[in-house]
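For the sequence shown, counting from 1, position 835 maps to 835 in my numbering; every step adds exactly one. Reviewing the structure listed below.
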Amino acid sequence: MPDFVHLHTHSDYSLLDGACSISRLVDQAYRMNMPALALTDHGNLFGAIEFYQKASRRGIKPIIGCEVYVAPDSRFKKRKARGEDVAYHLTLLCKNKEGYQNLMELVSRGFTEGFYYHPRVDKELLVKFKDGIIALSGCLKGEIPSLLIKGEIDKAREIARWFKEVYGDDFYLEVQSTGLEEQNLINPLLKRLGEELSIPLVATNDVHYLNREDAKAQEVLLCIQTGKTLEDSQRLKFSSSEFYFRSPEEMANNFSQFEEAISNSLEIAKKCNLIMEKEKIHLPLYHPPEGWNLTDYLKHLCEKGLTLRYPSHVPQEVRERLNYELDIILKMGYAGYFLIVWDFIRYAREKGILVGPGRGSATGSLVAYLLGITQIDPLKYGLIFERFLNPERETLPDIDIDIQDNRRQEVIEYVREKYGKENVAQIITFGTMAARAAVRDVGRVLGMPYAAVDKIAKLIPPNKQLKIAIEQSNEIKELIATDEKVKNLFEIAQRIEGLTRHASTHAAGVVITPDKLTRYTPLYKTNKDEITTQYEMYSLEAIGLLKMDFLGLKTLNVIKETLDLVKEHKGKEINLEDIPLNDKATYQLLSRGDTLGVFQLESRGMQDLLKRLKPTKFEDIIAVLALYRPGPLQSGMVDDFIRRKNGQSKVEYLHPKLKPILEETYGVILYQEQVMKIANELAGFSLGEADILRRAMGKKISKLMDEQREKFVEGATKKGIDVQIAEKLFELMAHFSGYGFNKSHSTGYALISYQTAFLKANYPLEFMAALLTSEKDNTDKLTFYINECHKMGIKVLPPDINKSEANFTVEKDKIRFGLTAIKNVGEAAISAIITERKKEGKFRSIFDFCERIDLRVVNKKVLESLIKSGAFDSLPGHRAQNLAVIDEAVEKATRINKEKSKGQLSLFVSSQKKEEKDQLPSIEEAPRSTRLNWEKELLGIYLSGHPLDGYRKRVSCYSTHSVENLKKIENGKSVRVAGVINAVTLKKDRKGKPMAFITVEDLNSDIEVVVFSKVYERCLSSI
1 MPDFVHLHTH
11 SDYSLLDGAC
21 SISRLVDQAY
31 RMNMPALALT
41 DHGNLFGAIE
51 FYQKASRRGI
61 KPIIGCEVYV
71 APDSRFKKRK
81 ARGEDVAYHL
91 TLLCKNKEGY
101 QNLMELVSRG
111 FTEGFYYHPR
121 VDKELLVKFK
131 DGIIALSGCL
141 KGEIPSLLIK
151 GEIDKAREIA
161 RWFKEVYGDD
171 FYLEVQSTGL
181 EEQNLINPLL
191 KRLGEELSIP
201 LVATNDVHYL
211 NREDAKAQEV
221 LLCIQTGKTL
231 EDSQRLKFSS
241 SEFYFRSPEE
251 MANNFSQFEE
261 AISNSLEIAK
271 KCNLIMEKEK
281 IHLPLYHPPE
291 GWNLTDYLKH
301 LCEKGLTLRY
311 PSHVPQEVRE
321 RLNYELDIIL
331 KMGYAGYFLI
341 VWDFIRYARE
351 KGILVGPGRG
361 SATGSLVAYL
371 LGITQIDPLK
381 YGLIFERFLN
391 PERETLPDID
401 IDIQDNRRQE
411 VIEYVREKYG
421 KENVAQIITF
431 GTMAARAAVR
441 DVGRVLGMPY
451 AAVDKIAKLI
461 PPNKQLKIAI
471 EQSNEIKELI
481 ATDEKVKNLF
491 EIAQRIEGLT
501 RHASTHAAGV
511 VITPDKLTRY
521 TPLYKTNKDE
531 ITTQYEMYSL
541 EAIGLLKMDF
551 LGLKTLNVIK
561 ETLDLVKEHK
571 GKEINLEDIP
581 LNDKATYQLL
591 SRGDTLGVFQ
601 LESRGMQDLL
611 KRLKPTKFED
621 IIAVLALYRP
631 GPLQSGMVDD
641 FIRRKNGQSK
651 VEYLHPKLKP
661 ILEETYGVIL
671 YQEQVMKIAN
681 ELAGFSLGEA
691 DILRRAMGKK
701 ISKLMDEQRE
711 KFVEGATKKG
721 IDVQIAEKLF
731 ELMAHFSGYG
741 FNKSHSTGYA
751 LISYQTAFLK
761 ANYPLEFMAA
771 LLTSEKDNTD
781 KLTFYINECH
791 KMGIKVLPPD
801 INKSEANFTV
811 EKDKIRFGLT
821 AIKNVGEAAI
831 SAIITERKKE
841 GKFRSIFDFC
851 ERIDLRVVNK
861 KVLESLIKSG
871 AFDSLPGHRA
881 QNLAVIDEAV
891 EKATRINKEK
901 SKGQLSLFVS
911 SQKKEEKDQL
921 PSIEEAPRST
931 RLNWEKELLG
941 IYLSGHPLDG
951 YRKRVSCYST
961 HSVENLKKIE
971 NGKSVRVAGV
981 INAVTLKKDR
991 KGKPMAFITV
1001 EDLNSDIEVV
1011 VFSKVYERCL
1021 SSI
């Protein structure tokens, strides 16, 4: 077998271009006995770490590279000259660590400095970051090949000479055999150029897919990328199906006249020796105040925390736990990490930004509690530090922080400013082609009717692979067997399923580095101009960078807004830490299941669970969050728990020593921490060993489980427990570990659940107003919560130009609609309205409003939206009258303000005289149905009434179900719903027949209904 290495290879990280995963590329290289393999995705290093790890595990030398885009002029020149390419292609490979560092700089600057259609570098950067890099001249889009195709031989020679001067013996002319006429034309020219300038050749195949049969799938990917269909003659496409992962034999046969080009691939591979050893953890640097080191400052802050948290007396067990935790934290070198988290949380609280009480296993840390990172005493709730940081295995600390969603960015900006913008970035994440999405994308590209493809896609269950969905669905099998187009659809969809589709910003992840980011990770610039890492979270962890999660939690917006409204309207300042955890009204609300808007507890299933369980203490809420998951619900565990809690079943313990551990959960093993405590107290495991046992049980690896069982039984018998009891107890733990939940996380979230329930029970007006504000952009939820207000006896008043604020507000015993919830009314317009109203008083008429407001901000469209929504109803005239005089009012206001600015109009003309001249036309008000439709259009809901108000009895008689209840009905069951049709979208099915999607709304909710062609023909007149 000839020796050959692929040095120009694209994975699916060449987004919507490369049609092959890294795993499949590596597997193919392994099957072909290739000693090495390069990854050279377009303009990025997204897959570099994943590739390095997977290739290394297979015994294949990984060569990290990139096909960079080179600007024809300066990377800062962001315009395209006629006849000039936006960028040329150039293949770069890392020889060593220096080359890797330089390549990271290049691809980073391509995004942050040179982006224009593509992330572009330029020759200035190529020179600056040339060391440790091998350069290949590229595909037909390379600068030298492009010039040769144009016949500009001298210019090509000049450019080749330039690259030779920059890279010396590490520059190669790239020859390919991809079945393209232009390539066959220039290969001899490249050979001649190489001989003339003493530049060696190297053979590559510009691999974009694994096998020749994958070419069609790659064409489809390009169409998805460009929004084209296969029928479009102007679409971007490859003109051959030869861009596949050829075997060494195929490459040797294709390059029989360029033998040295084949052998040079191996020579280049020998030059590339980048070794990425397991990296130490690169913790960001925290600088304590002058005179302090990290250790002493952390201890100092913990002592301050003790005084604050335990003002009268510090229990001995608290002191011992603190010393124990500090010892582990300091030995593992994480003092700086805790101080960084403490610092940005301190900043947030100082700025009035609400931070969650705790999330995840960090809630089990006393140090975190004393620093104010969490608000839950871990000793009080039996939370375990080792669940967070285990000294007996190598673990990274992971403190996830919930932050008020609408102010999260302020905290990230603070971190950027403190640690340097070059050292802080958000983390990239990648979306992949899920089964349904792949079918829809491919269907569009194939030009199939939307309705037909949508129907097929809906046959695929969520989170199921296409192969399994086909195996399990007779309907899909029949479609594939009887329809060639559907067969083709599924064949292509299966080839692209799971491939990377797009890059975006991780919802929470932020990385902070001790030195500038590009020493560790390349950078990416999103289409929103956000700078992120090019490596996703697992790759970052592999290179020793610590991810911090800044999670935006909308519920914290609601809590903060509620507290502000309570302070404003009741003059009462509520400290969340002072809320009693035994409030009677709160538990009554929970037991009734009145939990719409309550964090984690508002689903119908959760409401039913609460009604059955009837929580009476905070620990019950912790348990509810752990119970309401598929495992416990399906296993009968929930029913058993409820019977025991309500005294309907006896609480029994396999051994008396279990009682103090399981008493709070009525003898049921519910939490992972309980498994750890059982191992610790009954079998003599350290808590670190107990955490390893917990993980082993969770993974259910037989060999590991057998080892742990033997160790557990031996330890338990040494503590005087009967062997049979020990065996049975281990099996019990192993069984429940599949359902066990992290109590630390459950406790942190239970506290937020309790806080929102407390506020709803005790301050319903303020809470519901805040809740409505939080969902002002979500019509469905807004409708949902306004209906909840009605059920609670709270009236929601329409928007009012003289009373509404930006957000929903409390007005005596009612809630006033906020201006931000009106469609087409932006923040600038709202700010102008409220500022003027506060400055000069209420608006007296539409004419007065137009005269006082900047009409460049509040334009005609905004005026129409305000009037139609009912915001002008308190001013003279009805909606039709005010709409009729908009042009007159605007024209008059413009003229008056122009005269005022020239000093031609007395500023003391009485408002009375002006108002006498402001005449509204004598026309009838718009019909009620029209006004309601305006409200629906602009507010998202019918506010002053409902089109069905006059038909409530008939709706009740005719309907078998409300729209809201349809989610609970099993598929295939017939139902009858009465409502109004809000929207109709006409489509054609795969046979070209007309069909429709209609939105039907009853008194409380709406739903989309599919009307297939036969029904559509029958009901056309009604639709």
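All residues carry an ideal CB built from backbone N, CA and C; glycine is no exception. Only a predicted model underlies this, so the values are computations on that prediction, with no experimental measurement involved.
DSSP three-state assignment for residue i, whether helix, strand or coil
i       : result
Lys913  : Note that Lys913 scores a pLDDT of 44, beneath 50, so its modelled location is shaky and nothing firm can be said.
His6    : coil
Gln600  : coil
Gly544  : coil
Gln53   : helix
Arg79   : coil
Ile579  : coil
Ile701  : coil
Val318  : helix
Phe872  : coil
Glu1001 : strand
Ala757  : helix
Gln494  : helix
Val857  : coil
Arg309  : helix
Leu190  : helix
Gly748  : helix
Neighbourhood of residue i by C-beta, 6 Å cutoff - its chain only, sequence neighbours within 5 removed
i      : result
Thr586 : Ala757, Phe758, Ala761
Gln404 : Ile353, Leu354, Leu556, Asn557, Lys560
Leu479 : Val486
Sequence-distant residues of its chain with Cβ nearer than 7 Å to residue i (five each side left out)
i      : result
Ser600 : Looking at the sequence itself, residue 600 is Gln, so the reference to Ser does not match. Here the set comprises Leu625, Tyr749, Ser753.
Met276 : Tyr52
Ala542 : Ile49, Gln53
Host alpha helix (DSSP H) of residue i (start-end)
i       : result
Ile224  : 215-226
Val558  : 554-570
Arg408  : 408-419
Ile470  : 466-472
Gly443  : 435-445
Gly634  : For the record, residue 634 in the displayed sequence is Gln; it is not Gly. Start and end: 630-635.
Asp154  : 153-167
Asp1050 : Outside the displayed range of the chain (1 to 1023) lies residue 1050, so it cannot be described from this structure.
DSSP bridge partner residues for residue i (one or two, in chain order)
i      : result
Pro62  : Leu37
Arg120 : Tyr69
Ala996 : Leu986, Val1011
Cys94  : Ile133
Glu811 : Lys814
Val202 : Glu174
Val796 : Ile815
Ala425 : Val511
Nonlocal neighbours in the same chain, by C-beta distance under 8 Å from residue i, ignoring five residues either side
i       : result
Leu45   : Ile64, Cys66, Leu103, Met104, Val107, Pro522, Gln534, Tyr535
Ser1013 : Asp989, Lys991, Lys993, Pro994, Met995
Ile815  : Leu765, Met768, Ala769, Leu772, Cys789, Ile794, Lys795, Val796, Leu797, Phe808, Thr809
Host beta strand (DSSP E) of residue i (start-end)
i      : result
Pro921 : Pro921 -> no beta strand (DSSP E), and no H or E assigned at all.
Lys525 : 523-525
Gln724 : Counting along the chain, Gln724 falls outside any beta strand (DSSP E), though it belongs to the alpha helix (DSSP H) covering 723-737.
Gln404 : 400-404
Residue-level contact to chain C via CB, residue i, 8 Å cutoff
i      : result
Leu446 : Note that chain C does not occur in the displayed structure, where there is just one protein chain.
Okay, do the segment 676-686 and the segment 716-734 touch, 3+ Cβ pairs below 8 Å being the bar? Short answer: they touch.
Could you say if the segment 86-98 and the segment 300-311 meet the contact criterion of at least three C-beta pairs nearer than 8 Å? Judged by Cβ distances under 8 Å, the segment 86-98 makes no contact with the segment 300-311, as fewer than three pairs qualify.
Any chance the segment 540-553 sits against the segment 408-428, with 3 or more Cβ pairs inside 8 Å? yes
Between the segment 32-46 and the segment 6-24, can you find at least three pairs of beta-carbon atoms closer than 8 Å? Touching, yes, given that three or more Cβ pairs across the two stretches are closer than 8 Å.
Evaluate contact between the segment 334-343 and the segment 283-292, counting only Cβ atoms and requiring at least three cross-stretch pairs below 8 Å. yes
Three Cβ pairs or more, each shorter than 8 Å: is that satisfied between the segment 190-203 and the segment 422-439? no
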